[in-house]
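Heads up, the sequence shown is in my numbering, so the first residue is 3 and it goes up one at a time. All C-beta atoms in this analysis are idealised placements derived from N, C-alpha and C, irrespective of residue type, glycine included.
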Amino acid sequence: MLDRAQVLSQVLGSGSKPVERLVAWLNDGARNVVERASAASFLGQARGEAAARAALLAHRKDPHPLVRFYVTEALGQLRPVARDALTEALTDPLRTIRMSAYGALAHVDPRLRDDPAHAKVRAAYEHRRDVILADDPRHLVDQALGLLVQKRADEAEALLRRAVAISDPVPDHRVKLVRVLLHQGKLDEVQRQLDALAKAAPNGQATRFTRAFLHLYRGQPAEFLRIAEPLAREGYETKSLLGAAAHARRQLGMPP
């Protein structure tokens with residue numbers, strides 16, 4: 003999903019009150035679904051805000067499952083917990099949302115854990131981490147990183163491609179995919195990812211980052227430095243850029 007720090011930065015920099023901005027994001031059906039889901043997630047932390055509660059309740063039957071899931075989770079974070087809405091969500095068509103509602107209600111009413119009427123959803127809830135976030139880009143990225151540690155790059159690439167498909171045009175996960183593709187030497191595919199980034203944001207930081215590393219992997223260290231050094235000064239992926247810049251300088255016979 004969209005990086006939470008990025009969401010918060012956009013909301014706080016919008017010139018409007020954060021809750022109002024998040025409500026507007028959630029209400030905007032034309033907005034990228036992961037942004038709407040992120041807005042719902044943040045609204046769950048606005049526990050004393052009547053506007054946040056009203057917006058979440060209004061979207062408890064949102065047509066998009068990912069939004070509905072995060073609305074359900076957010077309803078469980080409100081104080082007081084939105085019991086009626088969560089009880090209603092126990093009958094949602096999607097098991098992942100039923101599990102989310104069960105988890106929130108079981109936390110405030112432990113008796114639910116012994117209710118035989120919810121035995122199936124309780125059993126599913128015990129394994130929720132493997133199921134409930136199957137379409138959450140952040141979860142897919144976490145899984146991919148675990149596969150990379152195990153040197154299972156092809157499987158990690160597949161998961162990252164799913165994350166990109168869900169979160170597009172948000173660039174964060176595409177950059178992670180680019181890193182894996184570079185490591186595998188799939189430069190033609192990196193070029194295709196660069197084309198997609200450039201189409202959405204020609205001078206965006208993710209676009210310049212990808213372009214710089216593509217130059218480096220193509221044996222063009224000078225071109226890499228031309229793009230990477232200003233980008234590092236902007237504070238974007240500084241550690242990666244500075245480490246690669248030192249390597250590029252060595253290639254050019256320059257001091258570090």
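Given residue i as reference, the closest of the options once Cα atoms are compared
i      : options                        : result
Ala234 : Phe211, Ala56, Pro82, Arg49    : Phe211
Gly46  : Gly31, Tyr104, Pro82           : Pro82
Pro171 : Leu147, Asp138, Val36, Glu225  : Val36
Asn29  : Phe44, Leu58, Ala52, Arg49     : Leu58
Leu189 : Leu162, Asp174, His217         : His217
Ala208 : Tyr219, Arg220, Gln195         : Gln195
Arg140 : Asp117, Leu179, Asp116         : Leu179
Val69  : Trp27, Leu80, Gly50            : Trp27
Val21  : Ser40, Glu51, Ala32            : Glu51
Asp137 : Arg163, Pro204, His249, Ala214 : Arg163
Ala84  : Ala247, Ala103, Ala121, His249 : Ala103
Leu142 : Phe44, His175, Arg220, Leu92   : His175
Pro67  : Thr98, Leu77, Glu90, Arg49     : Thr98
Gly221 : Gly187, Val182, Ala203, Lys241 : Gly187
Asn205 : Phe44, Arg181, Glu159, Pro173  : Pro173
Helix, strand or coil at residue i according to DSSP, with G and I counted as helix
i      : result
Tyr72  : helix
Arg252 : helix
Thr93  : coil
Pro257 : coil
Lys178 : helix
Ala84  : coil
Ala7   : Low confidence applies here, because Ala7 scores a pLDDT of 46, under 50, leaving its location unreliable and the question unanswered by this model.
Asp116 : helix
Glu239 : coil
Gly50  : coil
Lys190 : First, the residue type needs correcting, since residue 190 is Asp and not Lys in the sequence shown. Helix, per DSSP.
Alpha-carbon spacing of residue i relative to residue j, whole angstroms
i      : j      : result
Gly255 : Pro223 : 11 Å
Asp64  : Ala54  : 15 Å
Val151 : Asp144 : 11 Å
Ala165 : Lys201 : 19 Å
Leu94  : Lys19  : Correcting the residue type first, residue 94 is Asp in the shown sequence and not Leu. One C-alpha to the other measures close to 32 Å.
His61  : Leu227 : 48 Å
Glu1   : Ala42  : Because residue 1 is not part of the residues shown, which for the chain are 3 to 258, the question remains open.
Glu191 : Lys153 : 20 Å
Ala87  : Glu157 : 38 Å
Glu2   : Arg251 : This structure gives no information on residue 2, because the portion of the chain shown stretches from 3 to 258.
Leu24  : Tyr72  : 13 Å
Leu199 : Gln193 : 10 Å
Glu225 : Phe215 : 9 Å
Ala119 : Leu77  : 22 Å
Glu90  : Gly245 : 52 Å
Ala48  : His249 : 46 Å
Asp111 : Tyr219 : 56 Å
Lys241 : Ile229 : 15 Å
Leu80  : Gly105 : 14 Å
Gly237 : Arg181 : 18 Å
Met101 : Phe44  : 20 Å
Met3   : Ala155 : Only weak support exists for where Met3 lies, its pLDDT of 42 falling under 50; the value from the coordinates is given anyway. Going from the Cα of Met3 to the Cα of Ala155 covers about 21 Å.
Margin query: Pairs of beta-carbons, one from the segment 160-179 and one from the segment 24-38, closer than 8 Å: are there three or more?
Written below: Yes, the segment 160-179 is in contact with the segment 24-38.
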